[in-house]
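Participant: First to last, the sequence lines map onto chains B and U. Residue 91 in this note's numbering sits at position 91 of the first sequence, with consecutive numbering throughout. If you count the second sequence from 1, you need to add 1000 to reach this note's numbering. Before I ask anything, here is the structure I am working with.
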Amino acid sequence: MRRYEVVFVLAPTLTDDEVEQAIESFTKTARDKGAEVISVDKWGKRRLAFRVGKHTDGYYVVLTLEEPSGAAVAELERRFKVSDSVIRFLSVRTDLDLKRAEKFKKEREARRAKRPAPPREHAAYQEMEEALAAAEPTEAEEE
Amino acid sequence: MVRRRKFCKFCAEKIDYIDFKDTRLLGQFVPERARILPRRISGVCATHQRKLAKAIKRARHLALLPYVAD
């Protein structure tokens, strides 16, 4: 299963009802194309970092989807392009990156389990720093 | 003369996945000029700098971060 994060920004000129409607219709599209909607995260209205068209604000929505192929995301992107109410969108496949992150985390834990004693360099560094501080007491703590 | 030892923030805080939606985190690496902070200054390791840059660029596309200072 692939996991996607689809973020889209709706125009601030939409009314609350229109916003709800748009979100509803996009999630429905995703479902119809065989994707499972994991979460719909509405950030609400946010200031844009720069103007997009004439807008200075946007209504951010983050969809998290899971689907076997990219079909639902492709369809969503097509609709975003056509729709006037979507001013920006971005879809990112996240399952691979999250898996990698998980792997790193596991490796780190494995390493920690294997080597509970603090690394040797530590003591050596401390000695070095003490020696330095003794040699140049005035310059040692600049920052 | 004694320089503070630089370290990679992401390694230190064990952040494996840099989320492009986390503006607060990304903002720390986008100073006033809105350019991505080079790792020569921030001390971020190569792996994380690469991911960080990607995340910042994604955030920019969504107007979460600026492309240029205004």
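Note that beta-carbon positions come from the ideal geometry of N, C-alpha and C, so glycine has one too. Computed from a predicted model, the values in this text were never measured in an experiment.
Measure from the alpha carbon of B/Arg78 to the alpha carbon of each residue in B/Leu132, B/Thr29, B/Thr13, then state which is nearest.
Facilitator: What you label residue 78 of chain B is simply residue 78 of the first sequence in a count that begins at 1. Ranking the options by Cα distance to B/Arg78, first place goes to B/Thr29.
Participant: Strictly below 7 Å CB to CB, what residues from chain U border B/Leu14?
Facilitator: Residue 14 of chain B sits at position 14 when you count from the first residue of the first sequence. Result: empty, since nearest Cβ-Cβ is about 17 Å, beyond 7 Å.
Participant: On a Cα-Cα basis, can you pick out the residue from U/Phe1020, U/His1048, U/Cys1008 that is closest to U/Lys1057?
Facilitator: Walking along the second sequence from the start, residue 1057 of chain U turns up at place 57. Nearest of U/Phe1020, U/His1048, U/Cys1008 to U/Lys1057, Cα basis: U/Phe1020.
Participant: Among all the DSSP beta bridges, which residues are the ones paired with B/Ser83?
Facilitator: As a first step, residue 83 of chain B must be located in the first sequence, where it is residue number 83. None; B/Ser83 has no bridge partner.
Participant: Counting contacts by CB-CB distance shorter than 8 Å, is U/His1061 in contact with chain B?
Facilitator: By one-based count along the second sequence, residue 1061 of chain U stands at place 61. Yes, contact with chain B.
Participant: Please go through the same chain and pick out, in chain order, the residues whose beta-carbon is closer than 8 Å to the beta-carbon of B/Arg3, but skip the five residues on each side of it.
Facilitator: Walking along the first sequence from the start, residue 3 of chain B turns up at place 3. Cβ neighbours of B/Arg3 beyond the five flanking positions: Ile38, Thr64, Leu65, Glu66, Arg93, Thr94, Asp95, Leu98.
Participant: Taking a contact to mean a Cβ-Cβ separation below 8 Å, would you say U/Ala1059 touches U/Ile1036 in this structure?
Facilitator: Within the second sequence, residue 1059 of chain U is the residue found at index 59, counting from 1. Within the second sequence, residue 1036 of chain U is the residue found at index 36, counting from 1. Not in contact: U/Ala1059 and U/Ile1036 (Cβ atoms no closer than 8 Å).
Participant: Output yes if chain B places a C-beta closer than 8 Å to the C-beta of U/Lys1009; else output no.
Facilitator: Within the second sequence, residue 1009 of chain U is the residue found at index 9, counting from 1. Output row for U/Lys1009: interface = no.
Participant: Touching or not, the stretch 128–135 of chain B and the stretch 105–117 of chain B, by the rule of three or more beta carbon pairs under 8 Å?
Facilitator: No, the stretch 128–135 of chain B is not in contact with the stretch 105–117 of chain B.
Participant: Does B/Lys105 have its Cβ less than 8 Å from a Cβ in chain U?
Facilitator: Residue numbering aside, residue 105 of chain B sits at position 105 when the first sequence is read from its first letter. At least one chain U Cβ lies under 8 Å of B/Lys105.
Participant: For U/Arg1058, go through chain B and note every residue whose CB falls closer than 8 Å to its CB, in chain order.
Facilitator: Here residue 1058 of chain U corresponds to residue number 58 of the second sequence, with the count starting at 1. The contacting residues are Leu90, Val92.
Participant: Taking the alpha carbon of U/His1048 as the reference point, which residue from U/Tyr1017, U/Arg1005, U/Arg1004, U/Lys1006 has its own alpha carbon closest?
Facilitator: Within the second sequence, numbered from 1, the residue matching residue 1048 of chain U stands at position 48. Of the listed residues, the one whose Cα sits closest to U/His1048 is U/Tyr1017.
Participant: Return the chain-ordered ranges of every beta strand (DSSP E) run that is complete within the stretch 70–114 of chain B and spans a minimum of 3 residues.
Facilitator: Those beta strand (DSSP E) runs which fall completely within the stretch 70–114 of chain B and span 3+ residues are 86–93.
Participant: Grab the span of the beta strand (DSSP E) containing B/Leu48 for me, first residue to last.
Facilitator: Taking the first sequence and counting its residues from 1, one reaches residue 48 of chain B at position 48. Note, B/Leu48: beta strand (DSSP E), 36–52.
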